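So the structure is just underneath, and the comments pick up after that.
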Amino acid sequence: MPTKADLIRLLEAELDFIEGGGYGKPAGQPQEDKPIFFHSPICINSWHVPGHPDECHDDCVLLGAVPEPHRSAGLPCHYIPLNAQGDTIKSLEEAGDQQRLEETVKTWLRTTIERLKKGEDVLGVSEVKY
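When we follow this note's numbering, the leftmost residue of the sequence shown carries the number 1372, and every step to the right adds one.
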């Protein structure tokens, strides 16, 4: 399990990735979707090992935020409640508004980073090791 400092750095890298257009449509492949958090800085599958399946693992740093019934889903991180309304990546993807999806995820990342910096128990990481 990463330290809070490690987790903060990963979340900040993910935020930078999104703000830099990391989930935009690839040039020459406008039909290809790139799911939020999948093969991104925060995702364990980002460092894909040849021959290793694309699957989520118990050591995913986001798994602590995923409600228990969804932890075995194909992309469990898509079920993380992102706000008080209960929006998730999955529900926002189904709504079809990419801009709203990315803005909601960025807000969740900023809030989670700030909560970690304040020492709150977030994402199943309670110890502070800076």
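Glycine residues also receive a C-beta, built at the ideal position from the N, C-alpha and C atoms. Given the structure is predicted, the values throughout are model-derived calculations rather than measurements.
Three-way DSSP call (helix, strand, coil) for residue i in this model
i	result
V1493	strand
P1406	coil
L1487	helix
L1444	Correcting the residue type first, residue 1444 is Ala in the shown sequence and not Leu. In the structure shown, A1444 sits in coil (DSSP, three-state: anything other than H, G, I, E or B).
Y1515	Any property of residue 1515 remains undetermined from this structure, which presents the chain solely from 1372 to 1501.
Exposure of residue i, with buried meaning 16 or more beta-carbon neighbours within 10 Å
i	result
V1499	Low local confidence applies: a pLDDT of 41 at V1499 is under 50, so the model's placement there is unreliable, with the coordinate-based value given in what follows. Looking at its Cβ environment, which holds fewer than 16 other Cβ atoms inside 10 Å, V1499 is exposed.
K1488	exposed
S1411	buried
T1478	exposed
G1374	Contrary to the premise, residue 1374 reads as Thr rather than Gly in this sequence. Counting Cβ neighbours within 10 Å, T1374 comes out exposed, since fewer than 16 surround it.
T1483	buried
The alpha helix (DSSP H) enclosing residue i, as first and last residue numbers
i	result
D1458	That residue, D1458, is in no alpha helix (DSSP H); it is neither H nor E in DSSP.
Q1413	Here the sequence assigns Ile to residue 1413, which means Gln is not the residue at that position. First-last for I1413: undefined, no H or E at that position.
**Request:** Report yes or no: do three or more beta-carbon pairs, one from the stretch 1447-1467 and one from the stretch 1429-1438, lie closer than 8 Å?
**Result:** yes
**Prompt:** Are three or more beta carbon pairs between the stretch 1373-1384 and the stretch 1453-1465 nearer than 8 Å?
**Reply:** no
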